[in-house]
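Top line first, the protein sequences correspond to chains A and B. Numbering-wise (this note's numbering), the first sequence opens with residue 6 and increments by one. Numbering-wise (this note's numbering), the second sequence opens with residue 6 and increments by one. Glycine included, every Cβ here is placed at the ideal spot set by N, Cα and C. The structure displayed is predicted, hence computed values, not measured ones.
2 protein chains.
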Amino acid sequence: MDPEERRRLVAEAVFRVVCRHGLEQTSLRNVAAEAGLAIGSVRHYFAGHTELMVFAMREMSARLIARLTAHADRLLDPSAPLTPDEQRETVVRMLAEMLPLDEERRTEVVVWLSFAAAARTRPELRAHADELYDGLLVLTTRILEGARRAGRLRPDSDIAVEARRLCALLDGLSLESAFHPGRLDADTMLAVLRAHLAALTPAAAS
Amino acid sequence: MDPEERRRLVAEAVFRVVCRHGLEQTSLRNVAAEAGLAIGSVRHYFAGHTELMVFAMREMSARLIARLTAHADRLLDPSAPLTPDEQRETVVRMLAEMLPLDEERRTEVVVWLSFAAAARTRPELRAHADELYDGLLVLTTRILEGARRAGRLRPDSDIAVEARRLCALLDGLSLESAFHPGRLDADTMLAVLRAHLAALTPAAAS
DNA sequence: TCCTTTATAGCACGGTCATGCTATTTTTAT
DNA sequence: ATAAAAATAGCATGACCGTGCTATAAAGGA
């Protein structure tokens, strides 16, 4: 089997263990058991526990970024301009990609937040945590700049502040859904997101 | 020495260890060393590791709730009505109490998020995590209801949605400040909070 | 003073962990 | 067929952990 494929299978076992039992239970033994492998087999693909964690975090980061950029490319593609309604819907869908609206995405958010929390005290993870945070800030900034060019943003808005605000809202929804399961359903999250976006547009365009 | 006093001193050692090295390093041994005690002494006041964690989480929860209610009482006290400007400033200050604007509050947020994350997989902590979340939702709801009564809220606002949105914003700012230290300074956080509150009020009142 | 209670301290056991190292099996290339 | 390489499996060590249990010191009341 392709080594990279094997590494990804192990990483997915990491995700399952993290989601079910937490990062502190994600030992080489538990991951190996989850993947149906012996501990020695896992260590054949990863030099040690740290390397496995870094790889898993990179894998999750890549997965999230890929989904975001797919939407961003469609939205910002100048060769296939979208109608205003399509723009608005595409923006909602793209930002909704970051929300744990279904079980699969909820797992991803839980795993990602676990890694981001661990990165606070583990230097080898720090860069990857900040990378996604910076990417999200850049992405929201671009969306807001596009909205301003299209006249769909209140003229007195400070884009830098609004980008922070939108990021914080998305992160907050993710955090609450991840840490307080069952208290924030998908419909409510979407309603909050739509309310926020509606509040950003000028009253005349609503 | 008063036993309760001793327990609180140990809890503060827990906070320091959690903030500096993370919850997974918060063992009885490390906490005892941080508190300048022998491990047996700590165990004289706490039956075991779980009881220590629950106590520390309760202690932090109580501290946060106390600060919030102090501001809430002042704001909602009908015997000493505030001018609109005072109301607005009091609301900002109260909500800012939840933000990690200085080192002390940043430590509290880091510790609290660590516990909230751990509560996801540890049933004995779950109730305390949800308690503070529910309290924050109730508090923001009351604030928005008060603003609506005073005519300081856009009339088309859905208070339930707006309360969720405000909570998510506060949680998001806390999360980013805790997990990405140095990327979100106090001034920016306050600017985001003020922008959000300003966007909630009718255009005529701005 | 003596005795009981409380506080402080620490040992020892069993468990989990990461990891260095080796053995066995399977695959691949020649 | 055979040698080399890759993959799988597992043992042994040392470290850290929670906890049951005991020992020593301090404090307080008779």
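How many whole angstroms separate the CB atoms of residue i and residue j, which I take to be in contact at a CB cut-off of 8 Å?
{"i": "Arg-226/A", "j": "Thr-55/A", "result": "In the structure displayed, chain A extends from 6 to 211; residue 226/A sits before or after that span and is not available."}
{"i": "Arg-188/A", "j": "Glu-181/A", "result": "7 Å"}
{"i": "Leu-205/A", "j": "Glu-167/A", "result": "7 Å"}
{"i": "Glu-29/B", "j": "Glu-29/A", "result": "5 Å"}
{"i": "Leu-137/B", "j": "Ile-70/B", "result": "7 Å"}
{"i": "Arg-68/A", "j": "Glu-113/A", "result": "7 Å"}
{"i": "Glu-102/A", "j": "Arg-72/A", "result": "5 Å"}
{"i": "Ala-134/A", "j": "Phe-184/B", "result": "7 Å"}
{"i": "Met-194/B", "j": "Leu-130/B", "result": "The pair is not a contact, with the Cβ atoms about 27 Å apart (cut-off 8 Å)."}
{"i": "Gly-27/B", "j": "Asp-176/A", "result": "With a Cβ gap of about 20 Å, Gly-27/B and Asp-176/A do not count as contacting."}
{"i": "Tyr-50/A", "j": "Arg-12/A", "result": "5 Å"}
{"i": "Ala-250/B", "j": "Leu-174/A", "result": "There is no way to answer for residue 250/B, as the model of chain B reaches only from 6 to 211."}
{"i": "Ser-46/B", "j": "Pro-105/B", "result": "Ser-46/B to Pro-105/B, Cβ: 32 Å. No contact."}
Who are the neighbours of residue i on chain B, taking C-beta pairs under 8 Å?
{"i": "Val-166/A", "result": "Thr-193, Ala-196, Val-197 and Ala-200"}
Closest Cβ-Cβ distance between residue i and chain B: below 8 Å?
{"i": "His-26/A", "result": "yes"}
{"i": "Phe-20/A", "result": "no"}
{"i": "Glu-102/A", "result": "no"}
Are the C-beta of residue i and some C-beta of chain A separated by less than 8 Å?
{"i": "Arg-12/B", "result": "no"}
{"i": "Ala-204/B", "result": "yes"}
{"i": "Ala-124/B", "result": "yes"}
{"i": "Val-15/B", "result": "no"}
Could you list which residues in chain B have their beta carbon closer than 9 Å to that of residue i, in chain order?
{"i": "Arg-188/A", "result": "Asp-135, Tyr-138, Asp-139 and Leu-142"}
So residue i contacts chain A; which residues on that side make the cut at Cβ distance below 7 Å?
{"i": "Glu-29/B", "result": "Glu-29"}
- Quick one, which residues of the stretch 105 to 120 of chain B are near chain A if we go by CB-CB under 9 Å, in chain order? From the stretch 105 to 120 of chain B, only Val-115, Leu-118 and Ser-119 have a Cβ closer than 9 Å to chain A.
- Task: Would you be able to state if there are at least three C-beta pairs under 8 Å between the stretch 13 to 20 of chain B and the stretch 61 to 75 of chain B?
- Result: They touch, by the three-pair rule.
- Query: Of all the residues that make up the stretch 168 to 186 of chain B, which are near chain A by a beta-carbon distance shorter than 9 Å?
  - Reply: Answer set for the stretch 168 to 186 of chain B: Arg-169, Arg-170, Cys-172, Ala-173, Leu-174, Leu-175, Asp-176, Gly-177, Leu-178, Ser-179, Leu-180, Glu-181, Ala-183, Phe-184, His-185 and Pro-186.
- Task: Check whether the stretch 97 to 114 of chain A touches the stretch 195 to 208 of chain A, taking contact to mean three or more Cβ pairs, one atom from each stretch, closer than 8 Å.
- Result: The stretch 97 to 114 of chain A, when compared against the stretch 195 to 208 of chain A, does touch it at the 8 Å Cβ threshold.
- Item | Validate contact between the stretch 114 to 133 of chain B and the stretch 116 to 132 of chain A using beta carbons, cut 8 Å, 3 pairs | By the Cβ rule, the stretch 114 to 133 of chain B counts as touching the stretch 116 to 132 of chain A, because three or more pairs are nearer than 8 Å.
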